[in-house]
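Here the sequence shown is numbered in full-length UniProt numbering, starting from 1 and rising by one per residue.
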Amino acid sequence: MEERGWMKGGGLEVDHERMAFLRQKFNDWAYGYEDTVEKVSIQSSFNLYSAARAHKASKILEVGAGCGLAARIFISYLMKKHCSFFVSDISEKMNEIFVQRFLETDTASDPEVKLVTLEESDVIDVDQEINNVEDNFLKRIFSCRANNECLPFSDNSFDLYIACLSLMIVPNYKNQLTEAYRVVEEGGAAAFSVWGREENCTMLTFVCEVFKEAGIEYTSGSTLTFKLSDKGFLIKDIKEVGFKEVKGFYTMTNPCFPTVNEAYDYSVSSANAQLSLKNCTSEEREHLKLTFYQMYEERYGNDTSELMSWETLVIIATK
């Protein structure tokens with residue numbers, strides 16, 4: 001698939017050069033994401049699965065699935081029989097980790113479960129891929145690389161589309177909304193979550209403050225991150241692409257780190273933090289760590305009752 005230049009996709013122009021940058025960024029970060037961030041963000045995934053009643057769906061697409069920890073748990077314990085689940089991410093490394101870890105689970109050896117790794121393609125006929133799997137497999141899982149802004153899947157293919165914490169990362173979120181509408185069948189639903197309101201996301205903003213205090217420039221990933229946290233604003237945009245019923249609510253994820261060291265390790269494990277630290281000297285890294293410890297103890301230490309907060313906005317839209 002072409003990753004350079006500007007092409008039409010999702011009803012709007014897609015910046016494939018920017019998407020190629022994100023692809024490489026998440027390829028480089030894949031194991032770091034799996035080791036730390038995914039184990040915290042999994043709560044957001046299950047909030048979305050629950051709100052969208054994913055256990056009732058028959059044909060599911062999850063985009064931006066990362067290394068697929070939440071997807072693997074869902075497949076093993078909540079996914080109903082006779083369901084087909086397409087799991088995708090723009091990072092082929094994250095897709096590879098999903099497949100590798102899935103094959104290590106007990107579910108992979110279930111004779112009623114089939115995992116298919118799809119070749120990268122401009123067009124994927126969803127029904128044809130499902131029909132290519134023998135009838136004796138009652139849970140069918142498909143893994144592939146896909147760009148959220150110009151999906152390869154055929155129109156009206158899924159009764160449920162899931163995008164957990166990816167909409168605010170892509171260069172043009174309206175492309176992703178348009179593509180979600182295109183691939184969902186009439187009567188189907190799309191479920192999105194994005195970072196919540198800035199004042200309620202100290203787990204995301206605190207590390208930026210620490211970098212600033214330490215005199216190190218922090219690399220920001222998206223200028224739209226908190227713009228999409230305005231529920232009315234996002235619902236309006238979702239309705240404009242064609243969804244007829246759109247509901248939204250805010251929910252909290254407040255991870256409790258037992259030690260300041262664990263809080264630090266998590267906070268500097270993000271892709272943006274790693275990019276920001278890439279060219280730092282050992283002395284600058286040590287100064288950042290000491291600054292983090294001091295600021296964390298003052299704000300969230302044992303003598304306080306405060307926790308880092310992480311709000312997400314959940315949206316369920318019906319076509």
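Just so you know, even glycine gets a beta-carbon here, dropped at the ideal spot from N, CA and C.
Source: prediction; values computed, not measured.
Straight-line gap, residue i to residue j (C-alpha atoms, nearest Å)
i           : j    : result
A57         : K319 : 15 Å
S267        : S41  : 13 Å
I141        : V184 : 18 Å
G232        : R197 : 12 Å
A146        : F153 : 9 Å
residue 327 : S269 : Here the chain has residues from 1 to 319 only, and residue 327 is not among them.
L313        : E213 : 29 Å
C150        : V241 : 15 Å
Y108        : F192 : The question names Tyr, yet the displayed sequence has Ala at residue 108. Each residue's alpha carbon lies about 28 Å from the other.
A189        : V123 : 22 Å
S222        : L138 : Here the model assigns S222 a pLDDT of 47, short of 50, so the residue's position is not dependable, and the following value carries that caveat. Spanning the two alpha carbons is a distance of roughly 40 Å.
H16         : E217 : 26 Å
L275        : N132 : 42 Å
W6          : K25  : Reliability fails at W6, whose pLDDT of 38 lies under 50, so the model's placement of it is uncertain and the value that follows must be treated cautiously. Taking the straight line from one Cα to the other gives about 20 Å.
N261        : T205 : 18 Å
N148        : I90  : 7 Å
E297        : H82  : 51 Å
F257        : L165 : 21 Å
D127        : C280 : 50 Å
Buried or exposed by the 16-neighbour rule on C-beta atoms within 10 Å, applied to residue i
i           : result
R23         : buried
D159        : buried
P171        : buried
K244        : exposed
T202        : buried
F292        : buried
S121        : exposed
R53         : exposed
G66         : buried
D249        : The sequence given here places Phe at residue 249; Asp does not occur at that position. When all chains shown are included, F249 counts as exposed.
R299        : exposed
S282        : exposed
L103        : exposed
L288        : buried
residue 320 : Within the shown structure, residues of the chain are numbered from 1 to 319, placing residue 320 beyond reach of any answer.
Unbroken beta strand (DSSP E) run spanning residue i, endpoints
i    : result
C144 : 139-145
I60  : 59-63
L151 : Neither: L151 is in no beta strand (DSSP E) and is coded neither H nor E.
L78  : No beta strand (DSSP E) contains L78, which DSSP labels as neither H nor E.
M252 : 245-253
F46  : Not the beta strand (DSSP E): F46 falls in the alpha helix (DSSP H), residues 38-51.
Opening and closing residue of the alpha helix (DSSP H) in which residue i lies
i    : result
T202 : 202-214
T291 : 282-300
E199 : From DSSP, E199 is part of no alpha helix (DSSP H); its letter is neither H nor E.
L22  : 16-32
I235 : 231-240
Proximity below 8 Å, CB of residue i to CB of residue j
i    : j    : result
V207 : A273 : yes
I235 : I162 : no
N156 : E129 : no
S143 : L115 : yes
T225 : M168 : yes
M79  : V210 : no
A317 : V246 : yes
K237 : K174 : First, the residue type needs correcting, since residue 237 is Asp and not Lys in the sequence shown. Yes.
G68  : F98  : yes
C-beta neighbour in chain B for residue i, strict 8 Å
i    : result
L138 : Among the chains in the structure shown there is no chain B, since it carries only a single protein chain.
Count Cβ pairs between the stretch 78-93 and the stretch 57-70 that sit closer than 8 Å; are there 3 or more? yes
Segment contact flag, the stretch 250-270 with the stretch 23-40, C-beta cutoff 8 Å, min 3 pairs: yes
So, do the stretch 64-74 and the stretch 43-54 have three or more beta carbon pairs nearer to each other than 8 Å? yes
Touch check for the stretch 25-34 and the stretch 93-108: three-plus C-beta pairs under 8 Å? yes
For the stretch 246-263 and the stretch 295-311, state whether three or more C-beta atom pairs, one from each stretch, are separated by less than 8 Å. yes
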